[in-house]
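S.K.: Order-wise, the sequence lines are chains A and B.
Our numbering numbers the first residue of the first sequence as 1 and each following residue consecutively.
Our numbering numbers the first residue of the second sequence as 298 and each following residue consecutively.
Using N, Cα and C, we set each Cβ at its ideal position, and we do this for glycine too.
Nothing here was measured: the structure is a model prediction, and the numbers come from that model.
Let me begin by handing over the structure; questions about it come next.
2 protein chains.
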Amino acid sequence: MSTSFDQKLFEDELSLRFEKTQLDNKDPVYEAAVYSLFSGGKRLRPAMLEMAYQLFTDADVDVCRPFQYAIEMIHSYSLIHDDLPAMDNDELRRGKACCHIAFGEATAILAGDLLLNAAYEIMTEACLAAGDKRSLSAMKVIASAAGGRGMILGQSRDLAFEKRYSVTAAEIEEMQELKTSALIRAAFLAGGILGACNADEEDLLYEFGSKLGLAFQIRDDLLDTIATTANLGKSTGKDERDNKKTYVTVLGIDRAGQRLAELSNDAKVILMKLEELAGVDTSKLRLLTDKLETRRM
Amino acid sequence: MSTSFDQKLFEDELSLRFEKTQLDNKDPVYEAAVYSLFSGGKRLRPAMLEMAYQLFTDADVDVCRPFQYAIEMIHSYSLIHDDLPAMDNDELRRGKACCHIAFGEATAILAGDLLLNAAYEIMTEACLAAGDKRSLSAMKVIASAAGGRGMILGQSRDLAFEKRYSVTAAEIEEMQELKTSALIRAAFLAGGILGACNADEEDLLYEFGSKLGLAFQIRDDLLDTIATTANLGKSTGKDERDNKKTYVTVLGIDRAGQRLAELSNDAKVILMKLEELAGVDTSKLRLLTDKLETRRM
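Written out as structure tokens, the structure reads:
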């Protein structure tokens, strides 16, 4: 997504680091976790974390790496569990069979658990090694976004909405704020904190992440409607069939598109404020915002 | 379990602290997590952590509380996920319907996820507040025990054994070492570390926890065979029916009982070494070892 984020390098390092969290690398749960973690994800959240980090420091990415690994593992665990038959009952993810299709349900549940726990193992070790408050603050931001004040509550709302006849646009936005924006926002916040941004800069990163997260989700919902399964690598048209409540199923394609444009614009206004306040170059984040608004997968 | 561990007080404090990890306390996932977390557990791991802590310090339990909460939440999450239809397919736990029976499978999966994540939210905040290396080391010990080098790998082995015709006693012990001992050992280790024990004392706590954890599990397996469902509050005779591999199903009641006595004795020998080395009073831990060896539920 960024010109600076080296995805290939990141993948290799992630693989090496994740191996250390396991005693038995032949165990099916570990294999299932690896299968899902390395299934062609865009590594969007780690890239976001790194971009935010590099706004405020020239220091090596070694400092932010463990948090990049962790946030991708948390994202990956959430996809595995969300795809389960009892939840969204999906079969295809990133063009491959979902974890529970490939490895069975029990192994998939445990693989999700493993990834969530491994995220914290890695962050805890990073905090011990760094011995500073910033690392712990970054872990706190990520932990809070992943939990009952964030992603998990969002997934619960999403499931509840499926059973309701109608849901308002405001309710959709609040749900997606939790389900998707929370972790995306945490990526920017954690990156900023690790890069030693100040409280005002943190506030702007928070606002930017909120807008961009929502925009990302609306684009996702639009793609579910307008893209083909082959292009997207996951089942499309599923939201409608499953009675999923999204911006698109509730407000239609046109109004969802308008809201996407509005949010992307808001996000770029916040970037200008950040440039003024911090004197940093936010061009990569502006480019990212544009790319996410028009992405085809 | 201990004369000093105030379970009622602990329950009240746990409830208050857990509430803070949630944005919406009416959400079914939160309700399901509360249902499972407060379902009459013995709070054995928090009691163990506190006992180990108090071996080495007279300081207030405030310091070890967050880690007691966390370890109980991790235990509770593991029970919710282990009971799921895709895993052990249980219906009864502590005399009540299992979480997925009471709240549905999707909510139960998320409630487990919530508890695991909340454990880390609470420990991270405790580490931030304490600002010392000991808290982070305690979190690391717990995180490692819960993950792919501990509990999750143990559960994976346990599931794999069900499909095998025969399993050796050594394999059973290795599996239970991971599935049950790892977290019990982590309780003692984390307590000791928070109480500022030294490396030699840590080693003895590690050994003691390993023995006691295995002894606890064998007693659990014996109770599955000899107790009634009404007494135990969970389905009995299930191990045999499910082709579960335990000390009892593999070696029979008598040899399992012998191994239990042997492990309990080993544990008490280690306590004597700890008394000699550290000059601490381990009588509560000796009492606990005796109680666990002969417990009826």
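If you draw a straight line from the alpha carbon of M1(A) to that of D88(A), how long is it in whole angstroms?
M.R.: Stepping through the first sequence from its first residue, residue 1(A) is reached at position 1. Stepping through the first sequence from its first residue, residue 88(A) is reached at position 88. Annotation note: pLDDT 38 at M1(A) (below 50); position unreliable, coordinate value reported separately. M1(A) and D88(A) have their C-alpha atoms some 28 angstroms from each other.
S.K.: Over what stretch of residues does the alpha helix (DSSP H) that includes L480(B) continue unbroken?
M.R.: Start at 1 with the first residue of the second sequence, and residue 480(B) comes out as number 183. From DSSP, the alpha helix (DSSP H) with L480(B) extends over 479 to 491.
S.K.: Between the alpha carbons of R296(A) and P66(A), how many angstroms are there, rounded?
M.R.: Residue 296(A) sits at position 296 when you count from the first residue of the first sequence. Residue 66(A) sits at position 66 when you count from the first residue of the first sequence. If you take the alpha carbons of R296(A) and P66(A), they lie about 30 angstroms apart.
S.K.: Among S432(B), S507(B), A466(B), S463(B), which residue has its Cα nearest to the Cα of I490(B)?
M.R.: Counting from one through the second sequence, the residue named residue 490(B) turns up at place 193. Here the closest residue by C-alpha is S432(B).
S.K.: In chain order, what residues of the same chain have a beta carbon less than 6 angstroms from the beta carbon of L37(A), not counting five sequence neighbours either side?
M.R.: Stepping through the first sequence from its first residue, residue 37(A) is reached at position 37. S76, listed in sequence order.
S.K.: Please tell me whether G209(A) and L178(A) are closer than 8 angstroms, where the distance is taken between their beta carbons.
M.R.: Residue 209(A) sits at position 209 when you count from the first residue of the first sequence. Residue 178(A) sits at position 178 when you count from the first residue of the first sequence. Not a contact, by the Cβ cut-off of 8 angstroms.
S.K.: Under 8 angstroms Cβ to Cβ from I550(B), same chain only, skipping five residues before and after it: list those, please.
M.R.: As a first step, residue 550(B) must be located in the second sequence, where it is residue number 253. Answer for I550(B): L519, T522, I523, listed in chain order.
S.K.: Just mark L16(A) as buried or exposed, buried being the case when its beta carbon has 16 or more other beta carbons within 10 Å.
M.R.: Taking the first residue of the first sequence as 1, we reach residue 16(A) at position 16. Exposed, by the Cβ-count rule.
S.K.: Please report the straight-line C-alpha distance between F188(A) and L212(A), rounded to a whole angstrom.
M.R.: One-based indexing of the first sequence puts residue 188(A) at position 188. One-based indexing of the first sequence puts residue 212(A) at position 212. Computed Cα separation, rounded: 10 angstroms.
S.K.: Please report the straight-line C-alpha distance between M272(A) and T282(A), rounded to a whole angstrom.
M.R.: The count along the first sequence starts at 1 and reaches residue 272(A) at position 272. The count along the first sequence starts at 1 and reaches residue 282(A) at position 282. Distance between M272(A) and T282(A), taken at the CA atoms: about 8 angstroms.
S.K.: Ordered along the chain, which non-local residues of its own chain (more than five positions away) have a Cβ less than 7 angstroms from that of L110(A)?
M.R.: Here residue 110(A) refers to the residue found at position 110 of the first sequence. Counting only Cβ-Cβ distances below 7 angstroms, and skipping sequence neighbours, we find V29.
S.K.: In terms of residues, what are the limits of the alpha helix (DSSP H) holding F400(B)?
M.R.: Along the second sequence, one-based indexing puts residue 400(B) at 103. That run of the alpha helix (DSSP H) goes 396 to 400.
S.K.: In terms of alpha-carbon separation, which member of A487(B), S441(B), A383(B) lies closest to E459(B)?
M.R.: In the second sequence, residue 459(B) corresponds to position 162, counting from 1. Selected option, being the one with the closest Cα: A383(B).
S.K.: What residue does the alpha helix (DSSP H) around L274(A) start on, and which one ends it?
M.R.: Here residue 274(A) is taken as the residue at index 274 of the first sequence, counted from 1. Element bounds for L274(A): 247 to 278.
S.K.: Is the beta carbon of D380(B) sitting closer than 8 angstroms to the one on R390(B)?
M.R.: Here residue 380(B) corresponds to residue number 83 of the second sequence, with the count starting at 1. Here residue 390(B) corresponds to residue number 93 of the second sequence, with the count starting at 1. Taking 8 angstroms as the Cβ cut-off, D380(B) and R390(B) qualify as a contacting pair.
S.K.: Would you list the one or two residues that DSSP bridges to K393(B)?
M.R.: Taking the first residue of the second sequence as 1, we reach residue 393(B) at position 96. In the DSSP output, where bridge partners are listed per residue, K393(B) has R390(B).
S.K.: Can you say whether S4(A) is buried or exposed, counting buried as having 16 or more other CB atoms within 10 angstroms of its CB?
M.R.: The sequence position of residue 4(A) within the first sequence is 4, counting from 1. Exposed: under 16 other Cβ atoms inside 10 Å.
S.K.: By how many angstroms is the C-alpha of A416(B) removed from the C-alpha of G444(B)?
M.R.: Along the second sequence, read from residue 1 onward, the residue named residue 444(B) stands at position 147. Along the second sequence, read from residue 1 onward, the residue named residue 416(B) stands at position 119. Looking at the two C-alpha atoms, the distance is approximately 13 angstroms.
S.K.: Among the residues of its own chain, which have a CB less than 8 angstroms from the CB of I567(B), if the five just before and after it don't count?
M.R.: Numbered from its first residue, the second sequence carries residue 567(B) at position 270. The answer, listed in chain order, is L501, E504, F505, K508.
S.K.: Taking Cβ positions, are P46(A) and F18(A) nearer each other than 8 angstroms?
M.R.: If you number the first sequence from 1, residue 46(A) lands on position 46. If you number the first sequence from 1, residue 18(A) lands on position 18. Taking 8 angstroms as the Cβ cut-off, P46(A) and F18(A) do not qualify as a contacting pair.
S.K.: Kindly indicate if chain B contains any beta-carbon less than 8 angstroms away from that of S2(A).
M.R.: Taking the first residue of the first sequence as 1, we reach residue 2(A) at position 2. Any reading at S2(A) is ruled out, since the residue's pLDDT is 41, under 50, leaving its predicted position unreliable.
S.K.: Could you check whether the Cβ of H75(A) sits closer than 8 angstroms to any Cβ belonging to chain B?
M.R.: Your numbering for residue 75(A) matches position 75 in the first sequence. No, H75(A) does not count as interfacial toward chain B.
S.K.: Against Q452(B), what residues of chain A qualify as contacts under a CB-to-CB distance less than 9 angstroms, listed in chain order?
M.R.: The sequence position of residue 452(B) within the second sequence is 155, counting from 1. By Cβ distance, chain A contributes V29, A106, L110, D113.
S.K.: Check for me: the alpha helix (DSSP H) holding L205(A) runs from which residue to which?
M.R.: For the purposes of this step, residue 205(A) is taken as the residue at position 205 of the first sequence. 199 to 226 is the span of the alpha helix (DSSP H), which, as asked, contains L205(A).
S.K.: Please determine, among Q155(A), F216(A), M175(A), the residue with the shortest C-alpha to C-alpha distance to A261(A).
M.R.: As a first step, residue 261(A) is located in the first sequence; it is residue number 261 there, counting from the start. Taking the Cα of A261(A) as reference, the smallest distance to any Cα among Q155(A), F216(A), M175(A) is reached at F216(A).
S.K.: Give a yes or no on whether 8 angstroms exceeds the smallest Cβ distance from N117(A) to chain B.
M.R.: Locating residue 117(A) in the first sequence gives position 117, counting from the first residue. Yes, N117(A) lies at the interface with chain B (some Cβ there is under 8 angstroms from its Cβ).
S.K.: State the DSSP-derived secondary structure class of S299(B), mapped to helix, strand or coil.
M.R.: Position 2 of the second sequence, counted from the start, is the residue given in the question as residue 299(B). For S299(B), the predicted structure reports a pLDDT of 41, less than 50, and the residue's modelled location is therefore unreliable. A value from the coordinates is still provided. It is coil, neither helix nor strand.
S.K.: Taking 8 angstroms as the CB-CB limit, is L14(A) close to chain B?
M.R.: As a first step, residue 14(A) must be located in the first sequence, where it is residue number 14. So no, L14(A) is outside the interface.
S.K.: Return the chain-ordered list of same chain residues with a C-beta closer than 8 angstroms to the C-beta of E72(A), the five sequence neighbours on each side being excluded.
M.R.: Here residue 72(A) corresponds to residue number 72 of the first sequence, with the count starting at 1. Counting only Cβ-Cβ distances below 8 angstroms, and skipping sequence neighbours, we find L14, L37, G41, R43, R45, P46.
S.K.: Considering Cα atoms alone, identify which of Y35(A), R259(A), K244(A), V280(A) is closest to I101(A).
M.R.: Taking the first residue of the first sequence as position 1, residue 101(A) is located at position 101. Looking at the Cα atoms, Y35(A) is the closest of the given residues.
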